[in-house]
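Contents: one structure, followed by commentary.
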Amino acid sequence: MRVLLVLSLLLFGTQIIAQHQISGAIKGQRGLPITGANVYIVGSYDGATTNLEGKFSFSTSETGIKTLYVSFLSFEDYSLTADLSEFKNLEIKLKEDVNMLDAVMLSTGTFEAGENSRVTALKPLDVVTTASALGDFLGALQTLPGTSTVGEDGRLFIRGGGADETQIFIDGMRVFAPYTPTANNIPTRGRFSPFLFKGISFSTGGYSAEYGQALSGVLKLNTIDEPDQEKTEVSLMTVGLGVGNTQKWDKSSLSINANYTNLAPYTEALPNRNEWISPLQSMSGEMIYRYKTNNSDILKLYGGYSYTDLDLIQQNINFEEGFRFANENRNLYINGSYKSFLGNSWILNTGFSLSNDNNKSQVGEDLIDNNDNSAHLKIKLRKRINNNFEFNFGSEYFITDFDESIESNLIGDFDYGFQSNISAGFGEVDIFFSKKLAMNLGGRVDHYELWNQTLFSPRASIAYKSGEFSQFSFAYGKFFQNPSADFLKFNDTITAENASHFIANFQYVKSKKIFRVEAYHKTYDDLVKFDTEFPTFTSSYNSTGSGYASGVDLFWRDNESFKNLEYWASYSYLDTERDYRNFLEKARPAFASEHNLSLVAKYWIEDWKSQLGFSHVFASGRNYTDPNSNGFLNRETKNFNSLSLNWAYLIDKQKILYFSVSNVLGTRNIFGYNYANEMDMSGVFQREAILPNTDQFFFVGFFWTLSDDKKSNQLNNL
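Take the sequence shown: its letter number 216 is residue 216 in the working numbering, and every next letter is one higher.
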């Protein structure tokens, strides 16, 4: 027995000695790490997938001279033959296969932005350097094709869809209340700082099976994995101030931002059509913590809290003394995500988001209090089999608990609400038949507990590379979405709304030039209808609405033809009609413009240390109903035009002075009309125009970055 024990120990020790540790890092020719590359010993089962830093490490019991093989899509394969003892701390650079755009891309309906995107149509910093954006990512996205200009609202309206048909996700997790509250005809803004994000993916149709509960579009915001340096940022603006700080440690980092906004100085300097009892003011704070393990798995925890308060009397033709609206909003949002490299080319993504959004409003004489508690849980697995085949699958769960109460001298006091839980599973495969032909096939199953209803959503896309710099793409998808809380809180028997997308795309990308043209057709079914002027608890609801939207989107961006000048142009043609809500017949919705055009340009003047920019937005007239004439939505407003300018002056490497003014020409844009409830003595319904809160908006800001890196240069931000 003792002899056997000794022999066993000797054999075990021999096996330990025979284990070789293989390690290294994979980068592209530009020095950027390559994530997800396959690394393995030829003729064995031993290998690994590179992590976020492009690093790999695995052990093998093989001995002698072997071949290490590395592969990654759009790069040339790499092999190294040597003794296994030499495969330690390798530094491998993969050559781009002809160029980064040599392989076909599955990108129909999607605009990518960020350091890791292969085609950048819109950079994250465009958010703060585009004149009409006013520092809000929503404003910057509205210069892209497929969006409609709805100046009195401010949210994203995509390809004939309402604003509630586009969902926003942070690190793959749903944001349930992404917009700050506001009053009628005063545009909203996004809640989140653009500096938190490394990349943006904006899909105007045909998006992945991973994303549901969105009929028209998906906006994916990806937070920074690791800040490049420790820094403190201070911003002073005409309407508020902000401060932020980032700290880094060995494996973790923490960023904190705080902002305060008060429009009182603005409303005093530029009087408008509203009587402000309490001008809009808001306070918000954001925190994001990041932690990387030894295997470069990454954990992110985000928390944000905001408070917004406003009270005003708005001009209204049916109320001689105006109509009062007040709102106090409290919003808490928590987001967590974890990405792990499991080995053998498996990658795990999991996360959660929690939201509490509370509004206390006064609408005329009525007091309304609503509370929305929501949650999103998700897990996803992805595996890259080889350069030609990759698949992912996962499941998720949505929870919504909405309650509302009203105190009214006219109709009495009521409490109402709903609970809605949705479970879903999804899966899809990417198949690259060659560098010229690729296909994505996927599907999604959603189960609605409220109605015990299960629905299937097929998705498919195919892309063909027609030339060195060009490709064609086609996509189809069916999409379902829960009806709005505005309806479900009164009636929970209506069912999920749905839309089908058909998209054809041509894209030409060469160096720093991008041209895209995309045609689409959407059909809508099971839309909610009701029979009163506004949805109330006395309305009769059904799911018999329908509609369609067809159009063509054009986009051109050029960053190299003219020195120090970058510009882009977007145009969208939209043909759409719907029979939904309280529509009397099928018609083009009031928010939809047939033509939308955006022109954006930025020019750097070295001698002035300045960047000058302009944005021009045009939209054709929108429908409205004139009760003095026969018909429904029978009139059209005049065209919308707005020219905005900005100037960013670089004081030194860490300080920027920023000026911006919207609608420089003071164009009197009209979004529609409100009509009196009763005729006047001459038998005519009098009207008043729905106008912007003010014809112009001036913004002045000072941004100061204090960094431990003395080479930090704010010029890079321009």
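Glycine included, each C-beta is placed from N, C-alpha and C at the ideal position.
Spanning the alpha carbons of Q686 and D680 requires a straight line of approximately 7 Å. Judged by beta-carbon spacing, Y302 lies beyond the 8 Å limit of S252, meaning their Cβ atoms are not closer than that value.
In chain order, F169 and S201 place their CB closer than 6 Å to the CB of K220, counting only its own chain and leaving out the 5 sequence neighbours on each side. According to DSSP, I462 shares a beta bridge with M439 and F474. Within the stretch 307-368, the complete beta strand (DSSP E) segments at least 3 residues long are 319-343 and 346-363, listed from N- to C-terminus. Between the stretch 521-537 and the stretch 556-567, the count of C-beta pairs closer than 8 Å stays below three; the two stretches do not touch. Under the DSSP definition of a beta bridge, A587 partners with R578. Counted as a single uninterrupted DSSP element, the beta strand (DSSP E) harbouring D401 occupies residues F389 to S408. For L236, the enclosing beta strand (DSSP E) starts and ends at K231 to M237. Going by C-alpha positions, N409 is about 27 Å away from R581. Remark: C-beta atoms of T147 and F640 do not approach each other more closely than 8 Å. Per DSSP, reduced to three states, the secondary structure at A549 is strand. Annotation: I186 to L94 spans about 52 Å, alpha carbon to alpha carbon.
CA-CA distance, A519 to D553, rounds to 6 Å.
Boundaries around L527 are those of the beta strand (DSSP E), K513 to F530, since no alpha helix (DSSP H) includes it. By the neighbour-count definition (other C-beta atoms within 10 Å, threshold 16), L584 is an exposed residue. Collapsing the DSSP output to three states places E468 in coil. In this model, E76 and N222 are separated by some 28 Å (Cα to Cα).
Straight-line spacing of the CA atoms in T182 and Q481 works out to 25 Å. Taking a contact to require three or more Cβ pairs closer than 8 Å, the stretch 394-403 and the stretch 414-427 qualify as touching. For the pair of segments examined, the stretch 311-326 was found to touch the stretch 351-363: the number of CB pairs separated by less than 8 Å reaches three. Boundaries around G28 are those of the beta strand (DSSP E), H20 to G28, since no alpha helix (DSSP H) includes it. The three-state secondary structure of E636, taken from DSSP, is strand. When rounded, the separation of the alpha-carbon atoms in I651 and K198 is 26 Å. For P279, the enclosing beta strand (DSSP E) has its first and last residue at N274 to K292. As computed with DSSP, S457 is found in a beta bridge with R444.
Under the DSSP assignment, F197 falls in the beta strand (DSSP E) whose first and last residues are F197 to S203.
With a threshold of 16 other beta carbon atoms within 10 Å, G631 falls short and is exposed. Under the DSSP assignment, Y266 falls in the alpha helix (DSSP H) whose first and last residues are A264 to A269.
Per the coordinates, the alpha-carbon of M173 lies some 25 Å from the alpha-carbon of S282.
T67 sits in a strand when the DSSP states are folded into three classes.
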